[in-house]
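> If you use the UniProt record's numbering, the sequence shown corresponds to residues 1 to 472, in order.
Note that the Cβ used here is the ideal one computed from N, Cα and C, for glycine as well.
Supplied in structure tokens, the structure appears directly below.
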Amino acid sequence: MPGSVVSLHVGQCGNQIGTEFWKTLCQEHGIGLDGVLLQPNKPGEDKKDIFFNELNCGTRFMPRSVLVDLEPRVINLVKTSDCRQLHNHGNMYVWTEGRGAGNNWAHGYNQSAERLEDIFEIITRETENADSLEGFSLSHSISGGTGSGLGSKIMEQVKDRFPKSILQTSSVFANANDETDVVVSPYNSMLTLDWLVEYPDFVIVLENAALYRVATETMRVQKPSVEHINSMVSRIMTSVSAPMRFYSPVYTKLLHIAACVNPFPPMQFVQTAYAPFIPADNKIMEPKSLISSAASMSSKSSAALGSPSQKEVHHCMLSALAVLQVDSAHQGSDVTAGGIRRQAQKNSIRYPPWSSTALSIASCKLSPYMEHKCQASGLLLANHTNTAIVFRQMVKQFDQLYKKKAFLDQFVKEGVMQTMIEAREKIVNVVKLYEEATTMEFISDAAGLSELSNISFNSTSNNDDSPMRSNA
Numbered sequence: 001m002p003g004s005v006v007s008l009h010v011g012q013c014g015n016q017i018g019t020e021f022w023k024t025l026c027q028e029h030g031i032g033l034d035g036v037l038l039q040p041n042k043p044g045e046d047k048k049d050i051f052f053n054e055l056n057c058g059t060r061f062m063p064r065s066v067l068v069d070l071e072p073r074v075i076n077l078v079k080t081s082d083c084r085q086l087h088n089h090g091n092m093y094v095w096t097e098g099r100g101a102g103n104n105w106a107h108g109y110n111q112s113a114e115r116l117e118d119i120f121e122i123i124t125r126e127t128e129n130a131d132s133l134e135g136f137s138l139s140h141s142i143s144g145g146t147g148s149g150l151g152s153k154i155m156e157q158v159k160d161r162f163p164k165s166i167l168q169t170s171s172v173f174a175n176a177n178d179e180t181d182v183v184v185s186p187y188n189s190m191l192t193l194d195w196l197v198e199y200p201d202f203v204i205v206l207e208n209a210a211l212y213r214v215a216t217e218t219m220r221v222q223k224p225s226v227e228h229i230n231s232m233v234s235r236i237m238t239s240v241s242a243p244m245r246f247y248s249p250v251y252t253k254l255l256h257i258a259a260c261v262n263p264f265p266p267m268q269f270v271q272t273a274y275a276p277f278i279p280a281d282n283k284i285m286e287p288k289s290l291i292s293s294a295a296s297m298s299s300k301s302s303a304a305l306g307s308p309s310q311k312e313v314h315h316c317m318l319s320a321l322a323v324l325q326v327d328s329a330h331q332g333s334d335v336t337a338g339g340i341r342r343q344a345q346k347n348s349i350r351y352p353p354w355s356s357t358a359l360s361i362a363s364c365k366l367s368p369y370m371e372h373k374c375q376a377s378g379l380l381l382a383n384h385t386n387t388a389i390v391f392r393q394m395v396k397q398f399d400q401l402y403k404k405k406a407f408l409d410q411f412v413k414e415g416v417m418q419t420m421i422e423a424r425e426k427i428v429n430v431v432k433l434y435e436e437a438t439t440m441e442f443i444s445d446a447a448g449l450s451e452l453s454n455i456s457f458n459s460t461s462n463n464d465d466s467p468m469r470s471n472a
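Here it is in structure tokens:
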């Protein structure tokens, strides 16, 4: 039986996508935005208690969520939004001084030390309300200050305080190829990647540029808004847990999903492709079959990571899970694991030379509480070696900024310079590991596996410029 999941939303981005996530989850379980059931429960159709606490003898449901920010604006919006009655306001933590992290990872990380126990008092209380805690799901951005710095501290402490629990993150990456609004984003991102390598069991990578591309090309939105993008992200996030919530015969626990998509830590970064993203003005019921949804989700047009090619490396899919949802009338009518794999091959998905069985399938029903525009939908969770291209580009951006010694004053003041250099070295090693995984030597010579043990992913620094590592 699947256990309970506590959702943690950190920083502006984490709370914004968290708001859309809960709206989508409520829709899928027939729950109003006030937490009251809109339709009678349908026993055996869904499992609400994975993400919700049941109140009033099952007539009201409250998200098992914790909202955290260092400035009040976004959480105050939640408190006055149409979701204001949904969440437990006692599970919302805002720093009373409300200064924020100033778009600086080190500020977010170091400031959290003063209020960490207050935050974890809320988190611990929520875990105690769960019948059987299985893990945590954290949403955040890696390029700002609060989601990156405070998010890193929370990841670290979750694994320290709940070592047997699974930790999954939905991590929003800035466009790796363009400048962002945050000039120190390369520093923030590199430091956050260090913690993402270290602590989560798997990381859902959500790249802004790729999401905008899908919105414009697939959903035909000329100028996608933040709301458009967050709605797409929420659909991806809810689909990850669909096998757990809608009685799939397999992959019914967060642990099962983590084991499938992360067979070779620390290569735990998972790309996504979802289909169909239907244009908002399309009100016609499309006759999408499960096979056609599978075909769409394994195509580049549905991918939420926009990485370029790398001619000298034959990048491949190390492991993947296809989550396929179908309405009750068509369940099992046209889907076989072999058929899905053949469709993936048609879309030029390459497997590593040492494996040809990297794709697993989990099928379950669509929500019985909603009217669906399509008979089927699909989410591909892919651990692909072309993640190395994105990381290599992030290292390049970091080097360009660091070479100029630009905007380093606050990082020096916070004493994180040695940590920053170690983070860069670690990510370079992960890039090499991903690239090595594309060759037969990764298995035949055990080069890749020995590399895993040789790289110090839990190293501590004795340098006085790196005080944080004592807790890492």
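Rounding to the nearest angstrom, what Cα-Cα distance links PRO72 and THR96 in this structure?
Approximately 8 Å between the Cα atoms of the pair.
> Can you name the start and end residues of the beta strand (DSSP E) that THR272 belongs to?
For THR272, the enclosing beta strand (DSSP E) covers residues 269 to 275.
> Quick check on VAL390: buried or exposed, where buried means 16 or more other Cβ atoms within 10 Å of its Cβ?
buried
> Reducing DSSP to helix, strand and coil, say where GLY332 ends up.
Unreliable positioning characterises GLY332 in this predicted model, as indicated by a pLDDT of 49, which lies under 50. The coordinate reading is nonetheless provided below. GLY332 falls in the coil class under three-state DSSP.
> Mapping the DSSP letters down to three states, classify LEU290 as helix, strand or coil.
Because LEU290 carries a pLDDT of 48, less than 50, the predicted location of this residue cannot be relied on, and the following value inherits that uncertainty. Note: LEU290 maps to helix in three-state DSSP.
> Considering just the uninterrupted stretch of the beta strand (DSSP E) at GLN168, what are its terminal residues?
166 to 173
> Which full runs of the beta strand (DSSP E) of 3+ residues lie inside the region 353 to 427, going along the chain?
359 to 365 and 376 to 384
> Which first and last residues belong to the beta strand (DSSP E) in which ASP131 is found?
Taken as a continuous stretch (DSSP letters only), ASP131 belongs to no beta strand (DSSP E), as it is neither H nor E.
> For MET92, report the span of its beta strand (DSSP E) as first-last.
92 to 94
> With residue 473 and GLU28 assumed to form a contact (beta carbons below 8 Å), what rounded beta-carbon distance in angstroms separates them?
Only positions 1 to 472 of the chain appear in the structure, and residue 473 is not among them; the question remains open.
> Just checking GLU121 against the ligand ATP - is the residue's beta carbon closer than 6 Å to any of the ligand's heavy atoms?
Inclusion of the ligand ATP in the displayed structure is not the case, the ligand content being empty and no account of it being possible.
> If we call anything under 7 Å between Cβ atoms a contact, is residue 506 one with ILE123?
With the chain covering 1 to 472 only, the question about residue 506 has no answer from this structure.
> Excluding the five sequence neighbours on either side, which residues of its own chain have a C-beta within less than 7 Å of the C-beta of VAL203, listed in chain order?
THR169, SER171, LEU196, GLN268, PHE269 and VAL270
> Helix or strand or just coil, what does DSSP make of LEU70?
For LEU70, the secondary structure class from DSSP, reduced to helix, strand or coil, is coil.
> Could you say which of ALA174, GLU435 and TYR199 lies nearest to ILE154 if we only look at CA atoms?
TYR199
> Determine whether the beta carbon atoms of TRP105 and PRO63 lie at a separation below 7 Å.
no
> My guess is that GLN85 and LEU116 are in contact by the Cβ rule of under 8 Å, so how many angstroms apart are they, rounded?
About 29 Å; that fails the 8 Å criterion.
> Relative to the C-alpha of SER148, which residue among THR387, SER132 and PHE173 is closest?
PHE173
> ALA242 and VAL323: beta carbons closer than 7 Å?
In this structure, VAL323 lies closer than 7 Å to ALA242 by Cβ.
> Ordered along the chain, which non-local residues of its own chain (more than five positions away) have a Cβ less than 8 Å from that of VAL78?
Cβ neighbours of VAL78 beyond the five flanking positions: ASN15, THR19, LEU67, ARG84, HIS87 and MET92.
> DSSP on SER231, reduced to helix/strand/coil?
helix
> Grab the span of the alpha helix (DSSP H) containing LEU254 for me, first residue to last.
254 to 261
> Please state whether the Cβ-Cβ distance between HIS314 and ASN386 is less than 7 Å.
no
> How is the beta strand (DSSP E) around ASN103 delimited, first residue to last?
Where ASN103 is concerned, there is no enclosing beta strand (DSSP E), given that its DSSP letter is neither H nor E.
> Taking only the alpha-carbon atoms, compute the straight-line gap between ASN110 and SER363 and give it to the nearest angstrom.
Rounded to whole angstroms, ASN110 to SER363 spans 43 Å at the Cα level.
> Would you call the CB atoms of PRO368 and GLU45 closer than 7 Å?
yes
> Here's a check: name, in chain order, each residue in its chain whose Cβ is nearer than 6 Å to the Cβ of ASN103, leaving out the five neighbours to either side.
GLY144, GLY145 and VAL182
> Would the beta-carbon of PHE246 fall within 7 Å of that of LYS365?
yes
> Can at least three beta-carbon pairs, one atom from the region 222 to 230 and one from the region 184 to 193, be found at a separation below 8 Å?
no
> Which class does ASP464 belong to by DSSP, given the choice of helix, strand or coil?
With a pLDDT of 37 at ASP464, under the threshold of 50, the modelled position of that residue is not reliable, and the figure given next carries that caveat. Of the three classes helix, strand and coil, the one that applies to ASP464 here is coil, per DSSP.
> What did DSSP end up calling GLU97 once you bin it into helix, strand or coil?
coil
> Using the C-alpha atoms, what's the distance from LEU8 back to SER137?
Taken atom to atom, the span from the alpha-carbon of SER137 to that of LEU8 is near 6 Å.
> Between the Cα of TYR274 and the Cα atoms of ALA320, VAL430, GLY378 and GLU422, which residue gives the shortest distance?
If you compare the alpha carbons of ALA320, VAL430, GLY378 and GLU422 with that of TYR274, the shortest gap goes to GLY378.
> Give a yes or no on whether the C-beta atoms belonging to TYR434 and ALA388 are separated by under 7 Å.
yes
> Quick one: is ASP201 buried, meaning 16 or more other Cβ sit within 10 Å of its Cβ, or exposed?
buried
> Mind listing, in chain order, the continuous alpha helix (DSSP H) runs of no fewer than 4 residues lying wholly within the region 106 to 162?
151 to 161
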